[in-house]
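Engineer: Residue numbers (the working numbering), protein chains in the order written: chain A, 527 to 908; chain B, 527 to 908. Heads up, the beta-carbon is just placed ideally off N, CA and C, and yes, glycines get one too. Every value quoted in this text rests on a predicted model; they were computed, and no experiment measured them.
1) Relative to the alpha-carbon of residue 545 of chain A, which residue among A/858, A/747 and A/589 has its alpha-carbon at the smallest distance?
2) Can you tell me whether residue 631 of chain A is buried or exposed? The criterion is at least 16 other CB atoms within 10 Å of its CB, across all chains shown.
3) At a Cβ threshold of 8 Å, is residue 625 of chain B touching chain A?
4) Could you please give the first and the last residue of the uninterrupted alpha helix (DSSP H) stretch that includes residue 771 of chain B?
5) Is it buried or exposed for residue 719 of chain A, if we count other Cβ within 10 angstroms and need 16 for buried?
6) For residue 872 of chain B, count the other beta carbons within 10 Å of its own beta carbon; 16 or more makes it buried, fewer makes it exposed. Which is it?
7) Using beta-carbon positions only, say whether residue 797 of chain B and residue 767 of chain B come within less than 8 Å of one another.
8) Just to check my reading of the structure: residue 869 of chain A and residue 811 of chain A have Cβ atoms closer than 8 Å, yes? What is that Cβ distance to the nearest angstrom?
9) Can you give the Cα-Cα distance for residue 529 of chain B and residue 736 of chain B, rounded to whole angstroms?
10) Within its chain, find whatever has a CB closer than 6 Å to the CB of residue 583 of chain B; leave out the 5 residues flanking it on each side and keep chain order.
11) Using only CA atoms, which one of A/902, A/781, A/698 and A/742 lies nearest to residue 555 of chain A?
12) Under a three-way DSSP split, which group does residue 665 of chain B fall into?
13) Strictly under 8 Å for the Cβ-Cβ distance: is residue 907 of chain A near chain B by that measure?
14) At least one CB of chain B closer than 8 Å to the CB of residue 838 of chain A: is that the case?
15) Output yes if chain A places a C-beta closer than 8 Å to the C-beta of residue 558 of chain B; else output no.
16) Just how far apart, CA to CA, sit residue 799 of chain A and residue 829 of chain B?
17) I'd like to know if residue 575 of chain A contacts chain B, where contact means its C-beta is closer than 8 Å to some C-beta of that chain.
18) Just to check my reading of the structure: residue 752 of chain B and residue 783 of chain B have Cβ atoms closer than 8 Å, yes? What is that Cβ distance to the nearest angstrom?
19) Let me know the secondary structure DSSP gives residue 585 of chain B once reduced to three states.
20) Would you call the CB atoms of residue 687 of chain B and residue 636 of chain B closer than 8 Å?
21) Could you tell me which chain B residues have their CB closer than 8 Å to the CB of residue 852 of chain A, listed as they occur along the chain?
22) On the CB-based measure, 16 or more other CB atoms within 10 Å of its CB, does residue 656 of chain B come out buried or exposed?
23) From residue 654 of chain A to residue 663 of chain A, what does the alpha carbon distance come to, in whole angstroms?
24) Taking residue 848 of chain A as the query, report the chain B residues whose CB atoms sit under 9 Å from its CB, ordered along the chain.
25) Using a Cβ-Cβ cut-off of 7 Å (strictly less than) and excluding sequence neighbours within five positions of residue 598 of chain A, which residues of its own chain qualify?
26) Taking the Cβ atom as the reference point for each residue, do residue 731 of chain B and residue 769 of chain B lie within a distance shorter than 8 Å?
27) Over the uninterrupted alpha helix (DSSP H) stretch that includes residue 799 of chain A, give me the two end residues.
28) Measure the C-alpha to C-alpha separation of residue 699 of chain A and residue 895 of chain A and round it to an integer number of angstroms.
29) With a threshold of 8 Å between beta carbons, is residue 866 of chain B in contact with chain A?
30) Could you have a look at residue 553 of chain A and say whether DSSP puts it in helix, strand or coil?
31) Provide the residue span of the beta strand (DSSP E) that contains residue 724 of chain A, from first to last.
32) Between the alpha carbons of residue 740 of chain A and residue 815 of chain B, how many angstroms are there, rounded?
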C-alpha cells in the first residue's frame with residue numbers, strides 16, 4: 527500500500543480522515559504514543575493494540591545509538607524489530623540532538639553531537655539522518671531540521687529557518703535516491719517511505735508563514751509544524767500554529783509535533799491538525815500524574831489511600847475496569863513496577879479515547895458542541 | 527467453599543491433587559508466584575490469569591508496613607484490594623523478620639524488629655502475626671515461626687524448634703478464637719481461613735523428624751517445611767525435606783517454602799511436595815536471567831543482539847510467540863521497563879508450564895519418565 531491521505535469529513539477547520547501507509551491504515555485525527563527506544567515504556571505491544579493505538583513514534587537519535595540503525599535494518603526494520611505490524615513514524619533526530627544543547631555544534635552541513643550515553647562523537651547531516659530513517663524503515667519519516675532554540679532573535683530565527691528549508695530539500699533528494707533501500711521494500715509491494723517536511727520559524731508569525739509556504743513549494747506528501755512546545759507561553763504556540771497551518775494544503779496531512787495536554791490536543795484538531803505526538807501521557811503516568819474525565823489526579827495523594835472507586839468512573843480501560851484508586855495509590859507509593867505499567871495504560875487510554883471521541887464528533891458534525899465542553903487550553907496545566 | 531484437599535493420583539511419592547479454598551480451586555502440584563506487596567512485580571493481574579496462575583503468595587511483613595493490614599481489611603481483604611478473585615497465601619512474617627537479622631530481637635513472646643523502610647519499631651507475636659494475616663484475609667495463612675539461622679548449633683536449633691512448636695499452638699489458638707473476623711467472612715458462605723503449621727529443625731535430620739511429628743500432633747489442615755534454602759548446600763536441603771516429609775500425613779497438602787530452580791521443583795514433587803513458592807523466576811527475570819527449555823539465558827549477552835529467533839522455541843507464552851531475542855536483549859540493555867515486564871512473564875510461564883507438565887505426567891502415570899529427563903537438581907545453578 528503506498529501512502530495516501532483522504533479527508534472524510536470537515537467541520538470548521540477540523541478534519542476527520544484516513545492515512546494509508548505500507549503497514550496499515552490510520553484514522554485521523556490521531557494521537558501517536560511515543561515509543562522512543564522501540565517500546566512504549568512498560569507497555570507490551572498486545573496491550574497497545576487493545577488500546578487501539580494506530581501508529582507509534584520512535585526516536586531516530588535513540589535507536590541510532592541503541593541498538594544502532596544497521597542492526598534494526600538487518601532485523602527487517604523497526605516494525606519487525608519490535609513486533610509491531612502497524613504504522614510507525616520516526617523523527618529525524620533533529621529535535622533530539624537540539625535537546626543535547628552544549629553537546630552539539632551546528633553547521634550548514636549538519637550537526638556534530640556527543641552521545642548522552644557515553645560521550646562518543648557523531649554527526650547527523652540531512653543525508654545521514656535520512657539514511658538512518660531508511661534503515662529503521664518507519665512508514666512516515668521526518669525531514670532533518672533545525673529546531674530553533676527559544677527565545678531567539680529574529681535574524682537568527684530566519685537564518686535557522688532558511689537552513690531548515692535547504693535541509694528539507696536535501697532530505698527529500700536523499701530519500702528519492704535511496705528510497706528502495708528501505709528494509710521491507712520487496713515485502714510490501716514495492717511501497718516506499720513517506721517523507722514529511724517540517725515548518726519552522728520560531729516565534730515569529732511572518733517566518734512561520736514563509737516557512738510554511740516555502741516548505742509547501744518543495745512539495746511533500748505531508749507537513750509537520752515543529753519547534754513548538756519548547757518553553758514558550760501557550761497562547762504563543764496557538765498563534766504560531768495558526769500562522770503556519772493556514773498555508774498548508776488542505777489535502778495533505780498536518781502533524782503538530784510534541785503536543786500536548788488532553789484539552790490542547792482537542793483545540794489543535796479544531797485548528798486543522800491531523801496528527802500529534804507527546805511524551806506527556808506516558809511520562810506523567812510514570813510520575814503518578816493521571817488524566818481523568820474529572821480532572822488530573824496525583825495518585826500518590828493520601829486521600830486516595832482508602833478510595834475503593836475506579837481511577838476514572840467514565841473510563842472503560844482495563845485499569846479503570848479492574849483496580850481501585852487505593853490499589854493504584856499503594857503501588858505508586860510503594861514504588862512498584864506495576865504502578866508505571868497501569869498508570870501508562872490508563873493515560874494512553876484517556877488520550878486515545880479523547881481522540882476517538884473527537885473524530886466521531888467531526889464525522890457526526892458535532893465537533894463544535896464537543897469543543898465547547900473542553901476547558902480552554904490556555905488555562906490548562908501542561 | 528471451605529478448605530479441602532483431595533489427592534487424585536499418585537506415582538511414587540508424587541501426588542496430583544486439588545485444593546479447595548474460599549476463593550477457588552488450586553490444582554496441585556502448584557507453583558505460587560511471589561507477589562510481595564500484593565503485586566507480582568510488573569505483571570498485571572489479567573496477565574497472571576492468562577498465564578494460569580492459580581494462587582499467589584503475599585508477604586505479611588511487607589503489607590503490614592505498606593499499606594498496613596487495617597487498610598487492607600477495610601478494603602475487603604487482599605484479594606479485593608489487588609483485584610485477584612482467586613486464592614492467596616500469606617506467610618506469617620516470621621521468615622521476613624528473620625531476614626532483617628540485626629534489626630530484630632527474639633523472645634518467647636515474639637519478635638521485636640525495626641522496619642527496613644523507616645527504622646520504626648514493631649513487634650510480632652504469634653497472636654499479632656495471625657491477627658495481621660486475618661486482616662489481610664488470605665485463603666491460606668501460615669503459623670508464626672522462627673526460621674533458625676544457618677549455620678546453627680544443635681542445642682540452639684532444638685530450642686528454636688521447640689519455640690516454633692509453642693508458637694504454632696498459639697497461632698492456632700488465636701485463629702480459632704478470631705477466625706470469624708476475616709474480612710470476607712459473610713461474603714464467602716461463612717468460610718474461614720486455613721492455617722498451615724511449619725516444620726523447622728534446621729539442618730538436623732532428627733530435629734526435622736521430631737518437628738514434623740510434633741507439628742502433626744497439633745493437627746493442622748496442611749503442613750509447610752520451612753527454614754530451608756537459607757544458604758545450605760542443596761544436597762542438605764534434600765536430606766532435610768526427606769527427613770521431614772515422610773512424617774507428614776499423606777492426606778494433607780505439603781508446602782515447601784521458598785524453592786527452587788525449575789529442575790529442583792520437579793524433584794521436590796517427586797519427594798511428595800504439593801506446593802512451592804520462590805522469588806527466583808521473577809527476581810531472575812528482572813536481572814535478565816531467563817529459564818528456557820534449552821537452558822538458562824543471560825539475555826544481555828551480545829550474542830543475542832542479532833538473534834531474531836524466539837527466546838524459547840518450545841515455549842508458547844506471549845513473549846516467545848511475539849518477540850525476538852534481539853528485541854528482548856535491546857530492551858534489557860537499554861534498561862527499558864518492558865524488559866522486566868516481558869522477562870517476568872516468560873519466566874513465570876516457564877515455571878507454570880513445568881508444573882502443568884509435571885501434574886499431567888503424574889495423572890498419566892508417566893512422571894518417572896518425565897523425571898528421568900530432568901537434570902539432577904544438585905547439578906543445577908540456583
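Structural biologist: According to the structure data:
1) The residue given as residue 545 of chain A occupies position 19 in the first chain. Residue A/747 is the option with its Cα nearest to residue 545 of chain A.
2) The residue labelled residue 631 of chain A in the question sits at position 105 within the first chain. The residue is exposed, with fewer than 16 neighbouring Cβ atoms inside 10 Å.
3) If you number the second chain from 1, residue 625 of chain B lands on position 99. Output row for residue 625 of chain B: interface = no.
4) In the second chain, counting from the first residue as 1, residue 771 of chain B sits at position 245. First-last of the alpha helix (DSSP H) with residue 771 of chain B: 760-771.
5) Residue numbering aside, residue 719 of chain A sits at position 193 when the first chain is read from its first letter. Residue 719 of chain A comes out buried.
6) The residue given as residue 872 of chain B occupies position 346 in the second chain. Buried, because 16 or more other Cβ atoms sit within 10 Å of the Cβ of residue 872 of chain B.
7) Numbered from its first residue, the second chain carries residue 797 of chain B at position 271. Numbered from its first residue, the second chain carries residue 767 of chain B at position 241. Taking 8 Å as the Cβ cut-off, residue 797 of chain B and residue 767 of chain B qualify as a contacting pair.
8) By 1-based counting over the first chain, the position of residue 869 of chain A is 343. By 1-based counting over the first chain, the position of residue 811 of chain A is 285. Right, the Cβ-Cβ distance comes to about 4 Å (below 8 Å), so this counts as a contact.
9) Taking the first residue of the second chain as position 1, residue 529 of chain B is located at position 3. Taking the first residue of the second chain as position 1, residue 736 of chain B is located at position 210. Taking the straight line joining both Cα atoms gives about 27 Å.
10) Translated into positions along the second chain, residue 583 of chain B becomes position 57. Cβ within range, chain order: 558, 560, 615 and 803.
11) Position 29 of the first chain, counted from the first residue, corresponds to residue 555 of chain A. Nearest option by C-alpha distance: A/781.
12) For the purposes of this step, residue 665 of chain B is taken as the residue at position 139 of the second chain. Residue 665 of chain B falls in the coil class under three-state DSSP.
13) Numbered from 1 along the first chain, position 381 holds the residue referred to as residue 907 of chain A. Unreliable positioning characterises residue 907 of chain A in this predicted model, as indicated by a pLDDT of 42, which lies under 50. The coordinate reading is nonetheless provided below. No, residue 907 of chain A lies away from the interface with chain B (no Cβ there is under 8 Å from its Cβ).
14) Numbered from its first residue, the first chain carries residue 838 of chain A at position 312. No, residue 838 of chain A lies away from the interface with chain B (no Cβ there is under 8 Å from its Cβ).
15) In the second chain, counting from the first residue as 1, residue 558 of chain B sits at position 32. Answer no: the Cβ-Cβ gap between residue 558 of chain B and chain A never drops below 8 Å.
16) Position 273 of the first chain, counted from the start, is the residue given in the question as residue 799 of chain A. Position 303 of the second chain, counted from the start, is the residue given in the question as residue 829 of chain B. Their Cα atoms are separated by approximately 45 Å.
17) For the purposes of this step, residue 575 of chain A is taken as residue 49 along the first chain, with counting starting at 1. No, residue 575 of chain A does not count as interfacial toward chain B.
18) In the second chain, residue 752 of chain B corresponds to position 226, counting from 1. In the second chain, residue 783 of chain B corresponds to position 257, counting from 1. Contact flag correct, Cβ pair sits at about 5 Å.
19) Position 59 of the second chain holds residue 585 of chain B. In this structure, residue 585 of chain B counts as coil in the three-state DSSP scheme.
20) The residue you call residue 687 of chain B lines up with position 161 of the second chain. The residue you call residue 636 of chain B lines up with position 110 of the second chain. No, the Cβ-Cβ distance between residue 687 of chain B and residue 636 of chain B is not below 8 Å.
21) Here residue 852 of chain A refers to the residue found at position 326 of the first chain. The answer, in chain order, is 593, 597, 601 and 607.
22) Mapped onto the second chain, residue 656 of chain B falls at position 130. The residue in question, residue 656 of chain B, is buried, as its Cβ has 16 or more Cβ neighbours within 10 Å.
23) The sequence position of residue 654 of chain A within the first chain is 128, counting from 1. The sequence position of residue 663 of chain A within the first chain is 137, counting from 1. Cα-Cα distance, rounded: 14 Å.
24) Translated into positions along the first chain, residue 848 of chain A becomes position 322. Under the 9 Å cutoff, chain B gives 570, 571, 572 and 609.
25) Within the first chain, residue 598 of chain A is the residue found at index 72, counting from 1. Closer than 7 Å at Cβ, skipping near neighbours: 589, 604, 607, 661 and 662.
26) Taking the second chain and counting its residues from 1, the one referred to as residue 731 of chain B is at position 205. Taking the second chain and counting its residues from 1, the one referred to as residue 769 of chain B is at position 243. Yes, the Cβ-Cβ distance between residue 731 of chain B and residue 769 of chain B is below 8 Å.
27) As a working note, residue 799 of chain A is residue 273 in the first chain. Taken as a continuous stretch (DSSP letters only), residue 799 of chain A belongs to no alpha helix (DSSP H), as it is neither H nor E.
28) Here residue 699 of chain A refers to the residue found at position 173 when the first chain is read from its first residue. Here residue 895 of chain A refers to the residue found at position 369 when the first chain is read from its first residue. Cα-Cα distance, rounded: 44 Å.
29) Numbered from 1 along the second chain, position 340 holds the residue referred to as residue 866 of chain B. So yes, residue 866 of chain B belongs to the interface.
30) Taking the first chain and counting its residues from 1, the one referred to as residue 553 of chain A is at position 27. Strand.
31) Numbered from 1 along the first chain, position 198 holds the residue referred to as residue 724 of chain A. Counting along the chain, the beta strand (DSSP E) containing residue 724 of chain A begins and ends at 720-725.
32) In the first chain, residue 740 of chain A corresponds to position 214, counting from 1. In the second chain, residue 815 of chain B corresponds to position 289, counting from 1. In a straight line, the C-alpha of residue 740 of chain A is about 54 Å away from that of residue 815 of chain B.
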